[in-house]
Every structure is written in C-alpha cells, then in structure tokens.
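4 protein chains.
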Amino acid sequence: MIPVSIVNVTSYTGLELLRLLAGHPEFVVTSATGRSAAGQRLDDFFPQLAAGRNHNPTGHNIGSLVISEKAEKTELAFVCLPHAAAATTVLELLAQGSKVVDLSADFRLHDARVYEEWYQHTHPAPALLETSVYGLCERYREQIAASQLVANPGCHSTTAILALLPAVAAGLIGPDIVVTTLTGISGAGRGLKLSSLYCEQDEDASAYSLSGHRHLPEIVQELEAGARDGGHPIQLRLAFVPHLVPMSRGLLATCYADKKEPSLTIEEVRAVYTAYYANEPAIRVVETAPHTRWTSGTNLCYIYPTLDPRTGRLVVVSCLDNLGKGAAGQAIQNANLMCDLPETAGLPTSSLMP
Amino acid sequence: MIPVSIVNVTSYTGLELLRLLAGHPEFVVTSATGRSAAGQRLDDFFPQLAAGRNHNPTGHNIGSLVISEKAEKTELAFVCLPHAAAATTVLELLAQGSKVVDLSADFRLHDARVYEEWYQHTHPAPALLETSVYGLCERYREQIAASQLVANPGCHSTTAILALLPAVAAGLIGPDIVVTTLTGISGAGRGLKLSSLYCEQDEDASAYSLSGHRHLPEIVQELEAGARDGGHPIQLRLAFVPHLVPMSRGLLATCYADKKEPSLTIEEVRAVYTAYYANEPAIRVVETAPHTRWTSGTNLCYIYPTLDPRTGRLVVVSCLDNLGKGAAGQAIQNANLMCDLPETAGLPTSSLMP
Amino acid sequence: MIPVSIVNVTSYTGLELLRLLAGHPEFVVTSATGRSAAGQRLDDFFPQLAAGRNHNPTGHNIGSLVISEKAEKTELAFVCLPHAAAATTVLELLAQGSKVVDLSADFRLHDARVYEEWYQHTHPAPALLETSVYGLCERYREQIAASQLVANPGCHSTTAILALLPAVAAGLIGPDIVVTTLTGISGAGRGLKLSSLYCEQDEDASAYSLSGHRHLPEIVQELEAGARDGGHPIQLRLAFVPHLVPMSRGLLATCYADKKEPSLTIEEVRAVYTAYYANEPAIRVVETAPHTRWTSGTNLCYIYPTLDPRTGRLVVVSCLDNLGKGAAGQAIQNANLMCDLPETAGLPTSSLMP
Amino acid sequence: MIPVSIVNVTSYTGLELLRLLAGHPEFVVTSATGRSAAGQRLDDFFPQLAAGRNHNPTGHNIGSLVISEKAEKTELAFVCLPHAAAATTVLELLAQGSKVVDLSADFRLHDARVYEEWYQHTHPAPALLETSVYGLCERYREQIAASQLVANPGCHSTTAILALLPAVAAGLIGPDIVVTTLTGISGAGRGLKLSSLYCEQDEDASAYSLSGHRHLPEIVQELEAGARDGGHPIQLRLAFVPHLVPMSRGLLATCYADKKEPSLTIEEVRAVYTAYYANEPAIRVVETAPHTRWTSGTNLCYIYPTLDPRTGRLVVVSCLDNLGKGAAGQAIQNANLMCDLPETAGLPTSSLMP
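So the protein sequences, as listed, match chains W, U, Y and F.
Each step along the first sequence adds one to the number in numbering that gives the first Met the number 0, with nothing skipped, and position 169 is 168.
Each step along the second sequence adds one to the number in numbering that gives the first Met the number 0, with nothing skipped, and position 163 is 162.
Each step along the third sequence adds one to the number in numbering that gives the first Met the number 0, with nothing skipped, and position 180 is 179.
Each step along the fourth sequence adds one to the number in numbering that gives the first Met the number 0, with nothing skipped, and position 321 is 320.
Take a look at the structure:
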C-alpha cells in the first residue's frame, strides 16, 4: 500500500477524497490535516466515519486517524487548500520530497502575470508555474506520469476544455465561442457564506461572476495550447458565464462555436470527437444530451457534440461531477499516473442514481 | 365583478390562475373546465382549496365550484389547454362572444407555415394567425386592449425577448445571438411523464431540445419585429438551448450578442434599456445579476444588461417566474388591459423568499 | 395608514413581514432596524426590493427605506431579534409607548424559572412574564386585543398546540403524548451555521434536539392551560422530537395520544374539532392528510384528526408555513387584533403551489 | 464469477442492483428482464450505461446486455417485481433451481391471512410463507445461508425493526410503541403517479397511509418474534406513521417506547444495543443523532438509542438508504450469505456526501 496524505481534509473535496480512497486498491490515507480541526479524530469531525460503538475494528479504521496541523511526509499529498495558502504548502511538500497533486488554482496558469491579474496575489514561485503540469490526463498523460507536481484543473475548466478540445485541435471552429456552465452548490466549498445557505440557493437559479470567472484563463490557456499542438493555432474570443443551480453536485457546460467550414457535417464532427477520445477511460462521447446525474460519484465526463440545425453552429454539451472528474476523481486519476498505477484504479464508473 | 372562466383548470397554469384571481379586485372565476375532472368540485381535485369542516363559508367560496366539461360563456376566458386542443376551443369561445387569453402556442406565430413546421399540425384558423395579437404587454399594449383574442407568450420567449428587445430596437447588436435558458420543472406541466418524476429531476441538470425548441420561432419573430419597428431591421442567426434544473418555478435567460459598434459603453446600454422600459410596471432593469427566486409568485421580470469585459459582447441576464410573468401573471396583465382595468390589478410584486 | 416598524428586518422573519405588509391595507412599514446593515437602504440589502433603474416610483417605495440602528417610535413594532436581545428592546419599545409583537421566545413562558432553565439566561423583566399574553389568536383573542405586548408563539409550538388543543380541552385524551415535527430549513434562521449550508441539508433528513427542544415548555404550558380552562386539568407526559427535512418552508406535526374512552369514535373527534375551531379564519379542519405546501405563503393551519385503526390512538396531523402562521403571518394576525383591524387583513389564504 | 439475474431491472431497485453489482467481486449480471423494455439493450433504456462512441469495450460491458421478457436460469435471481407479480415469478425461478432473493412483500409475512388482509390478494403459495426466511441478516444469518428463497425486508420495516430489536429482545420496553418514519421519494418507485411528480413533492412534507401502511405487519411480526426468541414475549400496541419528504433517497425512523423499569439508564441501554450488534458489519450504534445522508449509496444502518430526559421514554433514531440497506444493498448481503461469499462483498460503506 502507498501512504498518501490529504491536506485540508475538512473541505468537501477532502471528504470526497476520503470516500474514493477508502475504495482504492493501493493508496491508503495515513495523514490528514485541517487547521480548525487539528487534534480531533476524523470521526469526531465527520461522525459518519465512526465505526460504531458495537465494533472492535481490526485492520485499518480511517475514523481513528487524528487530524494534524501540518502534513507528514508521505509518498504523495493531495492539497485541498484555497489558492495562495496552497502554494506555500505545496512548496514545503515538494521540498520534503513528496509528490503533490494540488487541487487549488495556484499552479494551473503558466504565466505569473495572468495569475496575478486574476488572483490579485503575487505568486510565491513563479518559476514553478512555467514547468508545472496541468493535470488533464487526456492531454498530458506522459508529463503527469513524470512530474512531482501536478495542478489539478478547475471543475468548470475541465468540463469546458474537454468539450471543445477535439474541435480546436482539429481546427473545426473559429475564435468566437460562448460557454455557459451550470454548477451545483458544492463548488462553493464548505465555508460559511450567506450565499451558500440552503434557503438562499433552494429553488433559485442565477448567473454569477459576469465580470470574469477565475476558470476563464485556464480554459483559454488550454484550448489555445490544444489548437496550437493540433496545428491550428487560434486566438479565442471566449465568453464564459457560470450559473448556480440548486443541487449539491454536478457541472454541465453548453458550448457554442462557429464552424470554420459551413459544409462540416455532424458525422464528421462525431468522427473527430470519437477519434480524439479513443479509449479514454474517463470520457464517454454520446449521442444524446447527457445529464449531470449520470456522473454522480464517478470520474466520468460525458460529451455530446451536435450542430444547431438553424444556425449551423457547433454546440457541445458536456457534464461531470464537480467533486469527481471535476476535483477529487481527477486528482486520483493524476495520482495513479504519478505512482505508475493503472489510471482508473479506485475510480467508480457507476453513478448514484437516483 | 367581472366573471371569467379557466379552461383546463387542472394544469399548473390553471392552479396559478386560481391563486392569482383569488386576490384580484375585479375578476371572479365563475366557470372552470377540466376534462378528466369534470363533475368534481374544485376542492375535491385540489384539496388545499377546501374551506375546512369548521367553516360555514359565506360569500364566494371557490372550492365549491364544480368543474365542468365545457366552458360556459363568461366575459373573458383563460385557455390553458395544450396546443391544437386550444385552437378548437378558442374558436368556440370567440364565436360565443367571450374575450380570450390563450396560454397555448396556437396563436403566437403569425405565419401558418411556420406554425405547421414547428407543431406538426395543420392550423384550424390560419387567417386568425395573421391578425392575432402577441400578448407581450410591453410591446403591444394598445393592440391587446383592443383585441378579442390575445396569444399569451411562452415562458422562454418572454424572458429572452424582454432581455434583447431594447438592444435590437436600438440597433445595438448584430445578428449573431446565443440564448441559454434555465427552467424549473413546472414548465413541463402536470402530465405523467417519466422525465417529470421527482427522482429523475432531483439533483440533475441537463440541456434539452437541442434540435430546436418550439419557443425559438416566437423569439425570432418578435425580436425581428422589434428591430424592424425600431428602424433597425435585421435577420437573426439565433441559437437557443434550454436547460432543466431542479426547482419548481423560475426561468432565467442568459443572452449573448455582438455589439455593432465596438465603442458602445455599458452606460449607453443601460440608458437604452432604462428608456425602453421607462415606468413599465412589470420590468425592473437592475444593476446586479438577478435571481429567479426574486420573482417567485410575482409578475415581475428582472433584466440585467452588461458587457463581457474581455470579448466586449453584450450579455443580458433576465429572469421571471415561469408560472407568473411567464404564464398566468402575464395572462392576467393581458386580461386587465382587455377589460380596461388597471394593468397591474391583482398582480403581486413581492416574491416568496425563501 | 398605521405606521409600524420591523426590528431586525434582515432575518427571514423580517423579510416575510416585509412581503406580507406590502399587501396590507392598513399597516405601512416606516422604520426597519438591523444592526449589521444599519445605514444601508433596504434595497441594497435585499436587491429584489429595488424598484429598477427604469422607474421613477411615486408614492411609497419600500426599497428606499434606510435601515436604522434603533427602532423609531411607531404605533406598533414587530421584534424579530433572537431571545435575550429581544427582551431588552421590547422593554424600551414598551416604555416609548409602542405596541409590540415579539416574535422571540422572551415573553412566551409565564414562569421565569422555566424560562431560565431552558434559555440559560436570567430574564430582565420576570414580572412581565406573568402578565404577557401568548399570541395564539384562537385561544386568547380578547386578551391580545387588549394588550400592549404579545408574545408570538414558536412555529413548532403553534402547530402542535393547535393540533391537540381541542382534544385536551374536551378531555378526550390521556397524559401520554408523542409529538413528531418536520421543519423546513428557514426555521434555523439566516445566520451562518455549518448545519444551514445547502450541501449539508440537501438530500438529508435528521432528528435534532433530542435532549429537549425549547418549544417543548410552550407546548406543555399551553396544552395544560387549555385542558384546565376546558375543565379537564391534566399533567402531560409529552415527548417531542423535531426533524429537519430539505425544504425552505413548512412545518408538519404528527401527534399521538391515547384516548381516555376506548369507545370514542372518529365522528365524535371530528365534531369536537369542528366545534372548537368553528369559523376560525386561519384553521381548516380537513378530512385528508394535509401537505405543508398547501400552506406556503399563507396564514393557514390545516388540521387532520384521525384514529389509528389498530391501536385506537388519536393521531392528529397539522401543518402550516413556519414563516406564515408559524411566525410573520401570526404576528400580523396579532397586530390586526391589537389595532382593532379585521383579523385577517393582509393575510393570504392561497398558497404558492407548486 | 457467479451469474445472477435481475428481474424487472427497469425499477429504481433494479438500477441500484446494477450499480452495486458492477463493483461486486463475484457476481456478474448475465440476465435482466423488464416487460416494457424487452428487446432493448440496457444502455438504450439507461443511457448512462452506454460505454460511449469512443470505446471498444473489451471484457464485460453491462450496457450491451439485451433486456429479456423472461428470466433465464442463473445461480441466483433478484426479483424486483411488485407484490403478486413477484410471487408467480418466484415460483417459476425456484422450480428452475435458481436461488431467489425476492425484494417484494410476497414472502415476508408468515401468515397467509395476514398477507391477504394487507395485500387484498390470495397468496399463490401459502405453504411457502410458513417456511420462507425473512432476509434480515442480523437476525436470520444461518437460515438465510441455508435457504433457496429469501424475502428481502421492506425499507421502513428494516429501519424500525433494527431500531427496536435489541430493546424487545432484552425486555427493556413495554408494548406501547410509536414509530414515525421519513422517507425519500424513490420509495414510491419509478411508476407514473401524480404524487411522484417533481412539482408535487418538491418543498413538501406530508404524512401518508394513516389507515395502515403495509410494512406495519412485518414490523410487528419481527419485533414480536425477536421478543419471543429473547425470552421476553410481548404483544405490541404499535402505531406507525410514514412521512414523505423531498429527497430522492433516505429513510429515518424515530421510535418511542415506554421503559419497563423506570430505573433503566442510558448506559444500560447502550450496553444492550452494543452487545446485540457486536461486530455486525452493516450496523453502527452511534452516540449522536444520525443523518440519512451518512448512508447514501451504502449498506449501513445507523442506530442511536437515547432516553427522553423529561418523560424517560426510550427514543431510538435509526436511518439507512432505502435503496441500500433498505432494498438492493440488503438483497446483496442476503445473496452473499446464500452463495457462501463474504457477507460484505461488494457493499460500499463510504457514503456520497454531499
């Protein structure tokens, strides 16, 4: 078994990592940190992890792990801290020799000026930005396997990039793109915010971040890189508006783009998508509009490319579980690659439905 | 008091009309039809309308009304039937001399060929289509007041048209438009469909009608008419994708369009919107992204125009209650105009929140 | 118009009072306080109250009211503060000569020792406790009308007391009673608590306060008083367990009690309930199990008494909107009585459904 | 691998069996029936099971299984039919030599007269009723392992019986018992019923089956048997009222009973519960009120016994996933015993949360 740690286990992402790693054949969580909960047992903080008074658990009982203030050295660490706080911790972990999957935004953008523009914060290790690997396995499988530090992509970013990557790489579409996303509330995290209250989100839909969402520069960086690597460089004019809808999990992107060639058919589009994702274990290119619920608890992303019959635009609908392929699932997929394990180890493909 | 009837009262739209008309100062429901429930009292069918065993209700008690098979003649009828069935009934009611607000799609489109293309049904009275009035009060107030038949707009259509009308009428935007809508489940009606089950929609988001939603031709018809009447005729290239999200009520549209003049500022846009809707009682042009819940139970539509800071596109977010301004509320607003009553009579402006 | 004030308008109860009073024929809100929001306009704090940029509102525009630190003197004040804070403010308002409806628990219990046992706080005006009026209109209509201070009942309490009052007053049941309640999340208020987050309550049901909920002593006080006044004094042995369920509004109580006379029939029970609530405008004694949604946005309480066919126990199911008859609605019903207005003025009876 | 079949796979229970069996180390689904869907592939009916256009699945691909009209012979069959229909099929499967876990109510009651009273249907094999095994593993582990036919308990029944069994077996409580349950909507199945529509259940709580729910006789049969086998025979006077609350999954029971000995302490109660469920893998006796969400997707049942501090009554709160330990999970637990596999094989213990 390979010992791993979860930094900031008290987040929703931390909790989802605990759930997935409980079923992982190789990784075992031997360390978990959480500033506010340091000194408590995991099952004090998350009572559902308690083994029960009636048990004398033998072997590994995750609930008995004591939450620590600082991460101990393990083979690999999953860092679930917010941006800025994450970078500092990541540097320490790297110095200790741990492999790191950073679930924050701190190492996703390769250009420090872009990072500072969007996050209003001077990056502590700008040189690392240039060499950090963006943890989208479908794009950077080899680099991830060889890297000590992987920046796990954002949830909106993953959904939108996977939806459009085959089209930009094949040069099918022009630069004018609109991306609309719908996200469940867990994307806002477990912090105490008025807008995260049940009574504020129940029965409500709204658009947010209209002046610019922080996942936008990731999307543009990766789509432009994908276009360049595909031999069809392009400078995108991409508008992205996320929406909050009343559900715990789920992220759905609907992406609109103009075809370069009016004659492009849906069969040709599908052939491009099918080939691009041939045998990708986490991607399902489908022929009907997908539902976020198909992905609950899994590491899957469903992608449905189609053509708008009246305007001819390419419309791609994609969806995933924002805590799964959008966060903890993808982090484990990355960790599997980094530790030379089967890429799909410990990652469910059957969704909880209903 | 003015006697009115509700045809197909057993629908969600019928129930919302009952709720709103219970608080209306002039209209009183004296007839209600519903094929499957004919012969029952309203409070047998909707037990929440029962006065209670402890009451000896004096005066008007709506629960005691017996649901009939066919509408009796009243001053005005609200028709809540599905399309095709509606047209037949509307013709009979008009022949009886009733005023009619038709909440179906049967008289919204002025071109019979377009109707037949989208509804796969030969229209029984194509001549009426050419003279029917599209019941968007903010556009056709005088024609509505003078008409015997008003076609109440669709819920997606109302939200999208109100969002973009000022921009097309003032010639601010070009023909390339993307409209994304998010709708609550009540828009699918009260019929027994697998996709309307609680366990199918709970915790799920999905896009639907990707090959074309029936509200699209209304949107195009009315935006092009608005552009023409504003002196800026245009032929739109509009893509529209609706999404289902897990809530009962609410409809939110996010609309994207290219500015014609790159130099157009947000202040100029706001001035156009403010002037267009000056003192419109059902419209609130606001300066922050609105929430569907602000509209629950009201006849209000909130409209937030903004510019995407990176691409310069005009982005307009609008929202309303699909059973309110998107159906029953707007129907009463139309009926008020047709009966020479104050336009806002009986229409709530305070939303139920939370 | 009668000027009224809302103390702590920033709560859910405050917001519901704003909604209901917007439609009240006599009361007008001329003052609203809220410590954290003092100095802001109401429509800064609740943007849904904004009239819209396109309006030049004439007459009363509630959104423009500036939230103050301290309540100004008005004819009547609704106090929405938490317990302890409420008592201090109530005393000041009474000294100013205002009538007060206190929505907190501070003046509900007549025995200062009981108050201090449950609220862990020394009561600042124990003498007032003995003379304060419990604002359950169906019980204390005359005293309420004559009082300067009315203690608005708790939401669980109202639902359970109304369910069992006819039975104890008529001496139908013995002392062994079990009360189970189900409540929506708004009952927990608008404060930032982990347990109030969307992702903590969505898709979850749980029992809480198993060591004793603060509404229990109210329920016992009022049921025992009702029994005494009905000539059937009794000392109850009442267990009460509330449950949280994922909805914003709604409170449902299921109450179980042993019949005193095994021969008591359901017809006799219904006759007792019907007579007890004869022509009560807020109570509907019904013959089928009621739904909380029948009450959304109203001041109604539905009551369904039945007999368990196997054990013979009396089972009474009652429900209401916890923000309506369970809080703001009942507060207005009390205020109407205190100001000699029709008891039902401004109180909706048609629920928002769906 | 052991081939198994799912009869009526198109139900929610069938779908949950598919999900759980996809992760089972020994069972493989080789046959699935569904009358209305016969001839379709599983992934036509449940599109989330589609492997995706981009895959050339090798090995087992459940989506490609064709739904049949009649079950083929397999080692073991899970029967998810409604009662009455189930019995006929079960008899055929037994005659073929298959082992059967019947998830319907048809073989749960040992007395044919009781069955016929509650199900209004003459039982086709009353002799089998007397020998059928009630599939509550914690009670009948040996009999289950030796049986060809196991009757999987109802979801309300499992929750209530597990909550009270230790108390009745140890003779701690008297005959007067009240059981309140809260259930998610999936308990009503996937059939098209008005009351199962999203807009009918969203934001609503209600009590139902007040004249008697069909799980009541199971509860009484098993608690009385448990009391008898524990040496404390008793005839119960048990009232049971289930409630519907707006969530997909989850079942919570709150049970109230009088202690026989007033001096009984909570420590003694906990000792009895801990001993009764010593090392039971699916049961967690806990010291804080549990949440249904702790059980989502698992085969766990949490049990929290406590004493009401004022009345001294024993109050036990228990919860589980109605599709997990309340249906498909328990069915697999039974199947594991019947096929001599480890009892917990393929049964998740980490819940999906949030």
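Virtual Cβ for every residue (Gly too), placed ideally from N, Cα, C.
Owing to the predicted nature of the structure, the values given are computational and were not obtained by experimental measurement.
DSSP places Gly249 of chain F in the coil class of the three-state scheme, outside both helix and strand. The C-beta of Glu266 of chain W comes no closer than 8 angstroms to any C-beta of chain F. Counting only Cβ-Cβ distances below 7 angstroms, Ile184 of chain W has contacts in chain Y at Tyr197 and Cys198, in chain order.
Phe26 of chain F carries a strand assignment under DSSP once its states are collapsed to helix, strand and coil. Thr273 of chain U has a beta carbon lying within less than 8 angstroms of a beta carbon in chain Y.
DSSP places Gly173 of chain F in the uninterrupted beta strand (DSSP E) bounded by Ile172 to Thr182. For Ser35 of chain U, no Cβ of chain F is located within less than 8 angstroms of the residue's own Cβ. Taking CB atoms only, Thr179 of chain Y has a neighbour in chain F less than 8 angstroms away. The segment 126-141 of chain U makes no contact with the segment 262-272 of chain W, as fewer than three CB pairs between them are under 8 angstroms. Here Val167 of chain Y really is in contact with Ile233 of chain Y; their C-beta atoms are around 6 angstroms apart, less than 8 angstroms. Excluding its 5 nearest sequence neighbours in each direction, Tyr133 of chain U has C-beta neighbours in its own chain below 7 angstroms: Arg107, Tyr139, Ala150, Pro152 and Glu221, listed in chain order. Closest in C-alpha terms to Cys300 of chain F, from the list F:Tyr275, F:Pro341 and F:Leu250, comes F:Leu250. Contacts with chain U at 8 angstroms (Cβ-Cβ) do not include Tyr276 of chain F.
By the neighbour-count criterion, in which 16 or more other beta carbons inside 10 Å mark a residue as buried, Ala277 of chain U falls on the exposed side. Neighbours of Val240 of chain W in chain U, taken as residues at a C-beta separation under 7 angstroms, are given in chain order as Thr253 and Val314. Remark: C-beta atoms of Pro341 of chain W and Asn335 of chain W approach each other more closely than 8 angstroms. Ile61 of chain F is classed as buried because its beta carbon has at least 16 other beta carbons within 10 Å across all chains shown. If you draw a straight line from the Cα of His23 of chain U to the Cα of Leu17 of chain U, it comes to about 10 angstroms.
Across the segment 91-109 of chain Y, no CB contact with chain U closer than 9 angstroms is found for any residue.
In the same chain as Leu20 of chain F, and ignoring 5 residues on each side of it, the C-beta atoms closer than 6 angstroms to its own belong to Phe26 and Val28, in chain order.
Here the alpha carbon of Ile172 of chain F sits roughly 6 angstroms from the alpha carbon of Asp257 of chain F. Excluding the 5 residues flanking it on each side, Ile265 of chain U has same chain C-beta neighbours closer than 6 angstroms at Leu306, in chain order. Look at Ala150 of chain F here: in three-state DSSP terms it is strand. If the five residues before and after Leu193 of chain Y are omitted, its C-beta is found closer than 7 angstroms to the C-beta atoms of Glu199, all from its own chain and listed in chain order. If you check the CB distance, Tyr303 of chain U and Pro280 of chain U do not come in under 8 angstroms. Judged by DSSP in its simplified three-state form, Leu191 of chain F adopts coil rather than helix or strand.
Annotation for Phe44 of chain W: the continuous alpha helix (DSSP H) segment containing it runs Leu41 to Phe44. The beta carbons of Met337 of chain W and Arg292 of chain W sit no closer together than 8 angstroms.
In the structure shown, His155 of chain U adopts helical secondary structure according to DSSP, grouped into three states. Residue ranges of uninterrupted beta strand (DSSP E) with 3 or more members, entirely inside the segment 247-335 of chain U and ordered along the chain, are 250-258, 282-284, 300-306 and 313-319. Remark: C-beta atoms of Lys98 of chain W and Glu71 of chain W do not approach each other more closely than 8 angstroms.
Around His290 of chain W, the beta-carbon contacts reaching into chain U at under 7 angstroms are Asp203 and Ser205. Distance check between Gly211 of chain U and each of W:Val240, W:Glu223, W:Arg312 and W:Thr158 places W:Arg312 closest, using alpha-carbon atoms only. Interface flag for Gly296 of chain U against chain Y is set, since a Cβ pair is found closer than 8 angstroms. Between the segment 27-45 of chain Y and the segment 6-15 of chain Y, the count of Cβ pairs shorter than 8 angstroms is three or higher; the stretches touch.
When beta bridges are read from the DSSP output, Ser205 of chain U appears opposite W:His290 and U:Leu243.
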